[in-house]
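Colleague:
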Amino acid sequence: MQSSIPKSKGDRIFTVCNYIFLSLLILSVLYPLIYVVSASFSSADAVASGRVWLWPVDFSLEGYKAVFDYNMIWTGYANSLFYMVVGTSINVALTILAAYPLSRRDFRGRGIFMFLFVFTMMFNGGLIPTYLLVRDLGMLNTRWALIIPNAMAVFNVIITMTYFRSVIPKEVLESAQLDGCNDFKFLLKIVLPLSAPIIAVISLFYAVGHWNQYFSALIYLRDTDLFPLQLVLRNILIQSEIDPSMISDIGNYQKNVGLRELLKYALIVVASLPVLIIYPFVQKYFVKGVMIGSLKG
Amino acid sequence: MDVTRETVSKTIERKIKTKKSKSLIRDIKNGWQLYVIFLLPLLYILVFKYYPMYGASIAFKDFDPVAGILGSPWVGMEHIIKFIKSYEFWGVMKNTLLLGLYEVLAGFPLPIILALSLNYIYKKKFKKAAQMITYAPHFISVVVMVGIIFIILDPMGPLNDLISLFGFSPINFMGESELFMSIYVWSGIWQNVGFGCIIFLAALAGVSPALHEAAIIDGASILRRIWHIDIPCIAPTIVVLLILNMGNFLDTGFEKVLLMQNPLNLSASEIIDTYVYKVGLTSPIPQYSYAAAIGLFKSIIGLILIVGANRMAKKVGQEGLW
Chain G
393 MQSSIPKSKG DRIFTVCNYI FLSLLILSVL YPLIYVVSAS FSSADAVASG RVWLWPVDFS
453 LEGYKAVFDY NMIWTGYANS LFYMVVGTSI NVALTILAAY PLSRRDFRGR GIFMFLFVFT
513 MMFNGGLIPT YLLVRDLGML NTRWALIIPN AMAVFNVIIT MTYFRSVIPK EVLESAQLDG
573 CNDFKFLLKI VLPLSAPIIA VISLFYAVGH WNQYFSALIY LRDTDLFPLQ LVLRNILIQS
633 EIDPSMISDI GNYQKNVGLR ELLKYALIVV ASLPVLIIYP FVQKYFVKGV MIGSLKG
Chain U
49 MDVTRETVSK TIERKIKTKK SKSLIRDIKN GWQLYVIFLL PLLYILVFKY YPMYGASIAF
109 KDFDPVAGIL GSPWVGMEHI IKFIKSYEFW GVMKNTLLLG LYEVLAGFPL PIILALSLNY
169 IYKKKFKKAA QMITYAPHFI SVVVMVGIIF IILDPMGPLN DLISLFGFSP INFMGESELF
229 MSIYVWSGIW QNVGFGCIIF LAALAGVSPA LHEAAIIDGA SILRRIWHID IPCIAPTIVV
289 LLILNMGNFL DTGFEKVLLM QNPLNLSASE IIDTYVYKVG LTSPIPQYSY AAAIGLFKSI
349 IGLILIVGAN RMAKKVGQEG LW
């Protein structure tokens, strides 16, 4: 609220403190990110001896070279892309198919179905029964294990349903019905073209979810050729399981150890790059999604 | 237009007259296409959400993979009692509850403070930049997040460099079980404080400017306006979110805990979910029934908490989840 009334001394102090607080917060959010990026562009030596603290020291691309030579990372990248694209397509299709009937007030049994859906958000069978189901369906160690069990999220169904309700007036449906339009056609020709914004929002939610997911892969997959990027990352970053044969430069032991550490920094940058590049352009959709989600259905 | 209105209202009247049993069948007949559309999602929910709930009945059986869920013999509450009496029970329960509570109590106020602070920034560019930067970590994956934690807190990492610069001896952060929960919670805050404030910013945007104008004319300072206008106006949002957060505080970020766990901090980092994972899936002889029983135990407590939280939300006069 800016006004022509001159600010009091207290308010001026507040504003100054406020800027200082936010600046400190921004710095503390940014610093770890800058540190990792800078270290990834430094030499293994400089990182190991702790000389990097803000900007790259002894600029080098050794770390990135090691990442590029590490084949598993690229299979992981390709797999993650596959899971993301196929998974998200199935997610979006199922979500719309679920949300549209639920958004119709004249859908008989809506209350029961709604309860069935919402209840799963509060109670679930747990890890073991789900694992046994996936195993019994013969999906263990196949790509389907990462896609089918997560084919739809009820939360996204609810925000999509809320959107349909607020955007498609009852009158449109009534007049379309009078013109002889059936429900299939209505969904395809009228609802879908009107729902581009919500499709953008839920696709983003699902896509980020697929990209960042590691746990399903950890329990369902054995075959390293099927591993998504996050699982490869886990093995390298968390378990420090680095296949020495994947690092081409087998020099002296000391150098190898340094390179292993450097590989981690470069890897973090490479793995987060796609999301962080797209992020500024899609940020507003995420914000929109949070807002729609906060409205009640 | 009028003619169509009339016909529509007539059909509605007719519908009202012939309500009761006939209209149900007719509605389903008229709307069969909706059921066809709904079939696939419903099937998914039934198979992947409800079948595992039925599968959870192995918690009361001695699950035999050959005999299947139906064929395995019943043992009643044996597994749950075994868990409650087990040596690990109190430690695991304590860690789960403490971690959940710590996360809610420390993580909840900060997004509100951030939202209030952003709300009084009038320089648009600065505000935009601040939002953009603080939202960004939200999109970093758990694995990368934990990787960054390890790097920053490494005995040779930047934080320890800073500590030794001040003359203290370096700390092996990930090896200290007392530090585990703080690292978990504060790294979570680092990652999510920006994103969490979106909803409060929206609530603050809904505060009527007239209130602020009147207060300014009366000479209220910014702090006064925050205290007497902003906070009361967004209180409903705060209360609902707090109660709902309390409702599912058992669902701590299991994936992150699992990644951060190591033998040194296990006494603080073993929570119900990680324990289930170990007992059921990674041990050489998987004890499916025992693990399922522990999982079910947690799910039921979780359900009670959510239902209770929702009741409370309604009691304080707010809309709950349902």
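Quick note, the sequences are listed as chains G and U, same order. Note that my numbering has the first sequence beginning at 393, numbered continuously upward. Note that my numbering has the second sequence beginning at 49, numbered continuously upward. Glycine included, C-beta positions come from ideal geometry on N, C-alpha and C. Here the structure is a predicted model, which is why all the values come from computation and not from measurement.
Run through chain A and tell me which residues come within less than 9 Å of Ala104/U, C-beta to C-beta.
Modeller: Here chain A cannot be found, since the structure's protein chains are G and U.
Colleague: Can you look up Lys399/G in the DSSP assignment and give me helix, strand or coil?
Modeller: Working through the first sequence from its first residue, we reach residue 399/G at position 7. It is coil, neither helix nor strand.
Colleague: If the criterion is Cβ atoms closer than 9 Å, does the pair Arg500/G and Gly79/U meet it?
Modeller: In the first sequence, counting from the first residue as 1, residue 500/G sits at position 108. In the second sequence, counting from the first residue as 1, residue 79/U sits at position 31. Closer than 9 Å, so yes.
Colleague: Report all residues from its chain with a CB closer than 7 Å to the CB of Phe578/G; omit the five preceding and five following residues, and keep chain order.
Modeller: Residue 578/G sits at position 186 when you count from the first residue of the first sequence. So the qualifying residues of the chain are Leu565 and Ala568.
Colleague: Please classify Phe451/G as buried or exposed, where buried requires at least 16 other C-beta atoms within 10 Å of its C-beta.
Modeller: Within the first sequence, numbered from 1, the residue matching residue 451/G stands at position 59. Exposed, by the Cβ-count rule.
Colleague: I want to see whether chain U comes within less than 9 Å of Pro585/G, judged by CB atoms only; does it?
Modeller: Here the question's residue 585/G lines up with position 193 in the first sequence. No - not a single Cβ of chain U is within 9 Å of the one on Pro585/G.
Colleague: Using a Cβ cut-off of 9 Å, pull out every chain U residue sitting near Phe433/G, in sequence order please.
Modeller: Along the first sequence, one-based indexing puts residue 433/G at 41. In chain order: nothing, as chain U lies at least about 15 Å away.
Colleague: On the DSSP letters alone, give me the boundaries of the alpha helix (DSSP H) that Gly601/G sits inside.
Modeller: Taking the first sequence and counting its residues from 1, the one referred to as residue 601/G is at position 209. Ala588 to Asn604 is the extent of the alpha helix (DSSP H) around Gly601/G.
Colleague: Classify Gly254/U: buried if its beta carbon has 16 or more other beta carbons within 10 angstroms, exposed otherwise.
Modeller: On the second sequence, position 206 is the one that residue 254/U refers to. Under this definition Gly254/U is an exposed residue.
Colleague: Would the beta-carbon of Ser595/G be found less than 8 Å away from any heavy atom of the ligand GTP?
Modeller: Among the components of this structure there are no ligands whatsoever, and the ligand GTP is therefore not found.
Colleague: Of the residues Ile539/G, Pro620/G and Leu610/G, which one's Cα is nearest the Cα of Phe96/U?
Modeller: Position 48 of the second sequence, counting from 1, holds the residue named residue 96/U. Residue Ile539/G is the option with its Cα nearest to Phe96/U.
Colleague: Does any residue of chain G bring its CB to less than 9 Å from the CB of Asp110/U?
Modeller: Locating residue 110/U in the second sequence gives position 62, counting from the first residue. So, not an interface residue.
Colleague: Given that Ser217/U touches chain G, what residues does it touch there, using C-beta distances under 7 Å?
Modeller: Here residue 217/U is taken as the residue at index 169 of the second sequence, counted from 1. Going along chain G, no residue has its Cβ under 7 Å from Ser217/U, so there is no contact; the nearest lies around 15 Å.
Colleague: Is the Cβ of Gly254/U closer than 9 Å to any Cβ of chain G?
Modeller: Here residue 254/U refers to the residue found at position 206 when the second sequence is read from its first residue. Chain G, which has no Cβ nearer than 9 Å to the Cβ of Gly254/U, makes this no.
Colleague: For Lys457/G, decide whether its Cβ has a neighbour in chain U, counting only Cβ atoms nearer than 9 Å.
Modeller: Here residue 457/G is taken as the residue at index 65 of the first sequence, counted from 1. No - not a single Cβ of chain U is within 9 Å of the one on Lys457/G.
Colleague: Listed from N- to C-terminal order along the chain, which residues in the stretch 254-285 of chain U have their beta-carbon within a distance smaller than 7 Å of any beta-carbon of chain G?
Modeller: Per Cβ criterion, the list reads Pro257, His260, Glu261, Ile264, Ser269, Ile270 and Leu271.
Colleague: Is Met553/G near Leu494/G, with beta carbons less than 9 Å apart?
Modeller: Here residue 553/G refers to the residue found at position 161 when the first sequence is read from its first residue. Here residue 494/G refers to the residue found at position 102 when the first sequence is read from its first residue. The answer is yes: Cβ separation under 9 Å.
Colleague: I'd like to check one pair, Asn483/G with Asn533/G: are the Cβ atoms closer than 9 Å?
Modeller: On the first sequence, residue 533/G is found 141 positions in, with the first residue counted as 1. On the first sequence, residue 483/G is found 91 positions in, with the first residue counted as 1. Not a contact, by the Cβ cut-off of 9 Å.
Colleague: Between Trp603/G and Ser189/U, which are expected to be in contact by the criterion C-beta below 8 Å, what is the C-beta distance as a whole number of angstroms?
Modeller: Residue mapping note: residue 603/G aligns to position 211 of the first sequence, counting from 1. Residue mapping note: residue 189/U aligns to position 141 of the second sequence, counting from 1. With a Cβ gap of about 7 Å, Trp603/G and Ser189/U count as contacting.
Colleague: How would you label Cys245/U, buried or exposed, when you count the other beta carbons within 10 angstroms and need 16 or more for buried?
Modeller: As a first step, residue 245/U must be located in the second sequence, where it is residue number 197. Cys245/U is buried by the Cβ-count criterion.
Colleague: Could you tell me whether the Cβ atoms of Leu618/G and Ala663/G are closer together than 9 Å?
Modeller: Taking the first residue of the first sequence as position 1, residue 618/G is located at position 226. Taking the first residue of the first sequence as position 1, residue 663/G is located at position 271. Cβ atoms of Leu618/G and Ala663/G: not closer than 9 Å.
Colleague: Rounded to the nearest angstrom, what separates Ile405/G and Asn143/U at their Cα positions?
Modeller: Residue mapping note: residue 405/G aligns to position 13 of the first sequence, counting from 1. Residue mapping note: residue 143/U aligns to position 95 of the second sequence, counting from 1. Near 42 Å, if we compare the C-alpha coordinates of Asn143/U and Ile405/G.
Colleague: Taking DSSP as the reference, what is the three-state secondary structure of Val679/G?
Modeller: As a working mapping, residue 679/G is identified with position 287 in the first sequence. Residue state, collapsed to three classes: helix.
Colleague: Would you verify that the beta carbon of Met360/U is, or is not, closer than 9 Å to some beta carbon of chain G?
Modeller: To locate residue 360/U, count along the second sequence from 1; it is residue 312. So no, Met360/U is outside the interface.
Colleague: Taking just the CA atoms, how far does Leu290/U sit from Phe156/U?
Modeller: Start at 1 with the first residue of the second sequence, and residue 156/U comes out as number 108. Start at 1 with the first residue of the second sequence, and residue 290/U comes out as number 242. Between Phe156/U and Leu290/U, the C-alpha separation is close to 7 Å.
Colleague: Judging by CA-CA distance, which residue of Ala107/U, Lys171/U and Ile160/U is the nearest neighbour of Ser347/U?
Modeller: The sequence position of residue 347/U within the second sequence is 299, counting from 1. Closest option to Ser347/U, Cα to Cα, is Ala107/U.
Colleague: So what does Asp112/U bridge to, in DSSP terms?
Modeller: Looking up residue 112/U in the second sequence gives position 64. Answer by DSSP bridge pairing, in chain order: Gly116/U.
Colleague: Using CA coordinates, which residue listed in Phe86/U, Val287/U and Asp209/U is at the minimum distance from Lys362/U?
Modeller: Here the question's residue 362/U lines up with position 314 in the second sequence. For Lys362/U, the nearest C-alpha among the options comes from Val287/U.
Colleague: For the candidate residues Tyr657/G, Leu629/G, Val674/G and Phe515/G, whose alpha-carbon lies nearest to that of Tyr99/U?
Modeller: One-based indexing of the second sequence puts residue 99/U at position 51. Of Tyr657/G, Leu629/G, Val674/G and Phe515/G, the residue nearest in Cα terms is Phe515/G.
Colleague: In three-state terms, what does DSSP make of Trp238/U?
Modeller: Taking the first residue of the second sequence as 1, we reach residue 238/U at position 190. Helix.
Colleague: Do Phe198/U and Ser317/U have their CB atoms nearer than 9 Å?
Modeller: Translated into the one-based positions of the second sequence, residue 198/U becomes position 150. Translated into the one-based positions of the second sequence, residue 317/U becomes position 269. No; because the gap between Cβ atoms is not below 9 Å, this pair is not in contact.
Colleague: For chain U, check one thing: does any of its Cβ atoms lie closer than 9 Å to the Cβ of Gly402/G?
Modeller: To locate residue 402/G, count along the first sequence from 1; it is residue 10. Taking Cβ atoms only, chain U reaches closer than 9 Å to Gly402/G, which makes this a yes.
Colleague: Is it right to say Thr330/U is buried, meaning 16 or more other beta carbons lie within 10 angstroms of its own, or is it exposed?
Modeller: The residue you call residue 330/U lines up with position 282 of the second sequence. Exposed, since its Cβ has fewer than 16 Cβ neighbours within 10 Å.
Colleague: For Val324/U, return the contacting residues in chain G, with the cut-off set at a CB-CB distance below 8 Å.
Modeller: Position 276 of the second sequence holds residue 324/U. Gly518, Leu519 and Ile520, listed in chain order.
Colleague: Are the CB atoms of Gly195/U and Lys457/G within a distance shorter than 9 Å?
Modeller: On the first sequence, residue 457/G is found 65 positions in, with the first residue counted as 1. On the second sequence, residue 195/U is found 147 positions in, with the first residue counted as 1. No.
Colleague: Using DSSP with H/G/I as helix, E/B as strand and the rest coil, what is Trp445/G?
Modeller: Within the first sequence, numbered from 1, the residue matching residue 445/G stands at position 53. In this structure, Trp445/G counts as coil in the three-state DSSP scheme.
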